[in-house]
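For reference, each letter of the sequence shown is one residue, going 25 to 232 in the working numbering.
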Amino acid sequence: MFIAILKQVAKKKSLLRSLMNIEALNYSISGDVLDLGGGVNPTYFNFLKKEADTKILNLDLKNEGREKIDFENDLLPVATESVDGVLAFNLLEHIYNYRHLTREAARVLKPGGGMIGFVPFLINYHPDPNDYFRYTKEALEKIFIEAGFKEIRIKVIGIGPLAVNFNILAPFLPTFLRCLIFPFYYLVDKFILKLRPKMTERYPLGYF
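Right under this line is the structure:
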């Protein structure tokens, strides 16, 4: 895990994005998939396993060559029970009317289909164009149950309290310095976790 994270940090990815990408390696997509708010060529596409039959439709708030949609109010432009998967990475915190979007995601999924996504937690304010929420694990469970999802699995993404500090500090440092100090942060967090194993849950960078 350490080497995998360090390689991502060396590529100028934030620690949060690095951990998100590495976790995405454990998931696969296939068939017709909606990518909500992913922008152009999001990095998680390089980590999710894509079956040969995967077809991705990107929907975004911005136009820029993709289909434009207002996630707060519009219906997703696909038929009920017509897609195999929905992706929503780093999106829900920017949606005030999140109930509408999660219900729409549930509506368009075929029986047996699934939604994969990520939300940040202990990170900076980042409007795009707005930044509304930081969800806890308990909140996410309730939101998706209310939307009609079943078999909900939410994984804490993070290391420990020092990882939160590194994630905030790193963008202000040159890449070589990020790589130089990251081992210290990582090792101290691992030591803390040996003493208090549940510390990752107390200091989540986000939820997958």
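Where a beta carbon is used, it is the ideal one built from N, C-alpha and C, also for glycine.
Residue nearest to residue i in terms of C-alpha spacing, selected from the options
{"i": "L58", "options": "F200, C203, K134 and I178", "result": "K134"}
{"i": "K174", "options": "K79, I140, I27 and I93", "result": "I140"}
{"i": "P151", "options": "I169, K179, G138 and I119", "result": "I119"}
{"i": "D20", "options": "T78, G63, A103 and T104", "result": "There is no way to answer for residue 20, as the model of the chain reaches only from 25 to 232."}
{"i": "Y122", "options": "E170, I205 and E225", "result": "E170"}
{"i": "F168", "options": "K218, E128 and Q32", "result": "E128"}
{"i": "N154", "options": "K166, N189, E225 and N114", "result": "N114"}
{"i": "Q32", "options": "A103, K214, F206 and N82", "result": "F206"}
{"i": "M25", "options": "N82, K214, L81 and L201", "result": "K214"}
{"i": "L81", "options": "V132, L211, K218 and K222", "result": "V132"}
Endpoints, the alpha helix (DSSP H) within which residue i is located
{"i": "M44", "result": "L39 to A48"}
{"i": "L111", "result": "Not the alpha helix (DSSP H): L111 falls in the beta strand (DSSP E), residues V107 to F113."}
{"i": "D213", "result": "T199 to L219"}
{"i": "L164", "result": "K161 to A171"}
{"i": "I192", "result": "P185 to L193"}
{"i": "M25", "result": "It is not in any alpha helix (DSSP H) - M25 carries neither H nor E in the DSSP assignment."}
{"i": "T224", "result": "M223 to R226"}
Element boundaries [beta strand (DSSP E), containing residue i]
{"i": "D56", "result": "D56 to L60"}
{"i": "M139", "result": "L133 to P144"}
{"i": "K79", "result": "K79 to D84"}
Sub-7 Å separation of residue i and residue j beta-carbons
{"i": "G182", "j": "Y227", "result": "yes"}
{"i": "N191", "j": "L39", "result": "yes"}
{"i": "K161", "j": "Y209", "result": "no"}
{"i": "K36", "j": "T199", "result": "yes"}
{"i": "L116", "j": "F95", "result": "no"}
{"i": "F142", "j": "R158", "result": "no"}
{"i": "T34", "j": "C203", "result": "It is worth fixing the name first, because residue 34 is Ala in this sequence and not Thr. Cβ distance < 7 Å, so A34 and C203 count as in contact."}
{"i": "V188", "j": "T224", "result": "no"}
Distance between beta carbons of residue j and residue i, contact taken as under 8 Å
{"i": "I53", "j": "G109", "result": "5 Å"}
{"i": "I216", "j": "P185", "result": "7 Å"}
{"i": "V107", "j": "G137", "result": "6 Å"}
{"i": "A112", "j": "G61", "result": "7 Å"}
{"i": "I178", "j": "L164", "result": "5 Å"}
{"i": "D56", "j": "K79", "result": "5 Å"}
Checklist entry - If you pair each beta-carbon of the stretch 37-55 with each one of the stretch 66-75, do three or more pairs fall below 8 Å? => result yes
Checklist entry - Between the stretch 71-78 and the stretch 92-104, are three or more C-beta pairs nearer than 8 Å? => result no
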